[in-house]
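What follows is a short report on a single structure.
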Amino acid sequence: MNNGSRPKFLFKNLGPIKEAELELGDLTIIAGRNNTGKTYVAYALYGFLKRWPFPIIADARSLTVPPFSQLVLEAGKAGMLKLPTDQKALELRRTEILKWITQHYSEYTLPEVFNADAEAFKNASFDVLLRDPPDIDPERFRDSWLSLNQEGDEWILSPKVAHPQGSSYFIDLAHSYLHIMFPELLFAVPKPFILTSERFSISIFHRELDFARSELVEKLLQMRSDDNEKESGARSDLIKKAASRYARPIRDNLNFTRDIPDWADRKSGLYEQKRHDDIKRMMQGYYRVENGGVRFVSTARGDRRFNIPLYRASSSARGLSDMYFYMRHVAEPGQLLMVDEPEAHLDTANQIEMARLLARLARAGMKVFITTHSDYIVKEINNLIMLGRDFRDKERVAKKYGYDEGECLDANQVRGYIAEKNGLKLCDMNDYGIDYPNFDETINNVNRRARAFAEHVWAERKK
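Residue numbering for the sequence shown follows the numbering used here, beginning at 43 and increasing consecutively.
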């Protein structure tokens, strides 16, 4: 079945990014220097995928602007929706709908994702490039509340049983229609979960943020509803202070951290694979929820063992706590995990272990997206790509260096980009993995300087 080719995401005038194109792999890596737009790309992509197709459903403006309003009105009038069977007609319909969705996202939702004034994003745009129209498969709806049947030159999408009439029903029908029209945005790029670079601070300060918010809410409730103009202005100021000052990905990260105690009894779809134990080995300890808070428990023996609140743990332990709980309680095959700077606060050995963990997740059926500055992560990913190729004595060599089959990567699974020159450059893939010349150039330069200085030191000692 053709669910459509991989979509490409297009970014224009987004922070440092003037123009860029991105296609996701099972493992996608964006590397580059500071302030080159990596996080801008990650946040814009996250905001779109997180709410797809809800940016056009949850917003009241959606119900008044075509073509989505047309879908809702048609569903309300006929109790069903129609799709063309002709490929050209289907492509035209897809283009019409997707153009409006991305324009709506660029104009209204993108500033909200970054929690910025619309003026700051007035020239920014986010677009999606789709290629081959997908096959329409009625078998996908065999067990759902909908049926999809072909009648002449049209597909008819309708409920199997009588459904209460109401706007929510019509929106649900339109929602399903969009998933049929754009399966590549459902299967190739599923709903994302993000770990921002602010996760280290969130692990410490989220309770203080909750306390400050509660105080503001309490003050709002104490104000009289029949206040005068001065008091009304004061209340408006408090409301503005109570509103989050953070970008949507950071707020979502904060909400996940806040809700960790609620996940304690749930097992993720990856739980049996024990991927969270990879972090346990890296940190030589594990995480436990006690009395509504998170504690870090070392795995050392005897009097070297400790059990401390997370805020007293090392920055590396704090930074990996969310990933530990995500993999243990929430992660599902097919999800997209986005991590901003997975190497942050990790020593070089653990950066290599992190690369291997990300590869295992990609092999387990997840989609993984990272931004990084780490040469160690990139080079270890390249090692795993080389192990994914066929060569003599492969099993013996892999075993010698402590690798297993679940870590090997097919080069076709991986997309590597460099953020530079106000855009993204797709890196070449060769027999040895991803070619990241910026890392090699930096390493060669520092080694060249080291050799030059060493020669001068040696010459001085010879005198």
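Note that beta-carbon positions come from the ideal geometry of N, C-alpha and C, so glycine has one too.
Everything numeric in this text was worked out from a predicted model, so none of it was measured.
Rounded to the nearest angstrom, the Cβ distance from Ala-359 to Val-331 is 15 Å, too far for a contact under 8 Å. Put simply, the backbone Cα of Arg-457 is about 12 Å away from that of Lys-50. Take the alpha-carbon of Lys-504 and the one of Ala-397: they are about 44 Å apart.
The alpha helix (DSSP H) runs lying completely inside the segment 312–344 and spanning 4 residues or more are 318–325, given in chain order. Judged by DSSP in its simplified three-state form, Asn-349 adopts strand. C-alpha of Asn-55 to C-alpha of Gly-194: approximately 45 Å in a straight line. Apart from sequence neighbours up to five positions away, the residues of its chain that approach Asn-191 with a beta-carbon distance below 6 Å are Ile-198, ordered along the chain. Minimum Cα-Cα distance from Ala-391 among the listed residues Ala-131, Lys-409 and Asp-417 corresponds to Asp-417. Under the 8 Å Cβ criterion, the segment 55–66 counts as touching the segment 80–94, having at least three qualifying pairs. Assignment of Leu-237 by DSSP, reduced to helix, strand and coil, places it in the strand class.
Taking the C-beta atoms as reference points, Leu-132 is found nearer than 7 Å to Pro-175.
Taking C-beta atoms under 8 Å as the contact rule, Leu-123 and Tyr-219 qualify, at a distance of about 5 Å.
Following the DSSP letters along the chain, one finds Phe-90 inside the alpha helix (DSSP H) bounded by residues 80–93. The residues Pro-232, Lys-233, Pro-234, Phe-235, Met-408 and Lys-409, in chain order, have a CB closer than 8 Å to that of Gln-377 in the same chain once the five nearest residues on each side in sequence are set aside. Taken atom to atom, the span from the alpha-carbon of Phe-224 to that of Leu-379 is near 21 Å.
Scanning its chain for C-beta atoms nearer than 8 Å, with the 5 sequence neighbours on each side dropped, one finds no residue around Lys-119. Taking the CA atoms as reference points, Ile-476 sits about 45 Å from Asp-345. Bounds of the alpha helix (DSSP H) holding Gly-361 are 357–367. According to the DSSP assignment, Asn-480 belongs to no beta strand (DSSP E) but to the alpha helix (DSSP H) extending over 479–504. In terms of Cα proximity to Glu-154, the closest of Gln-129, Arg-431, Glu-181 and Tyr-88 is Tyr-88. Ranked by Cα distance from Lys-463, the options Asn-77, Phe-367 and Leu-52 are led by Asn-77. Under the three-state reduction of DSSP, Ser-310 is assigned to coil, being neither helix nor strand. In this structure, DSSP gives Pro-153 a helical state, which the three-state scheme calls helix.
Comparing alpha-carbon positions, the option among Lys-164, Ala-492 and Leu-466 lying closest to Glu-63 turns out to be Leu-466. Bounds of the alpha helix (DSSP H) holding Lys-442 are 436–442. Contact between the segment 414–432 and the segment 444–454 is established, with three or more Cβ pairs separated by less than 8 Å.
When DSSP states are grouped into helix, strand and coil, Met-122 belongs to the coil group.
Taking all protein chains in view, the Cβ of His-318 is crowded by 16 or more other Cβ atoms within 10 Å, so the residue is classified as buried. By the C-beta density criterion, Ala-289 is buried, having at least 16 other C-beta atoms within 10 angstroms. Judged by DSSP in its simplified three-state form, Thr-299 adopts helix. With a contact defined as Cβ atoms closer than 8 Å, His-217 and Ser-310 miss out at about 26 Å. For Gln-129, same chain residues with a beta-carbon under 8 Å away, outside a window of 5 residues either side, are Pro-175 in chain order.
When Phe-90, Glu-196 and Met-365 are compared, the shortest CA-CA separation from His-146 is found for Phe-90. The residue among Leu-171, Leu-188, Ser-245 and Arg-173 with its C-alpha nearest the C-alpha of Asp-179 is Leu-188. Taking the CA atoms as reference points, Asp-473 sits about 23 Å from Ala-406. Trp-197 is bridged by DSSP to Leu-125 and Gln-192.
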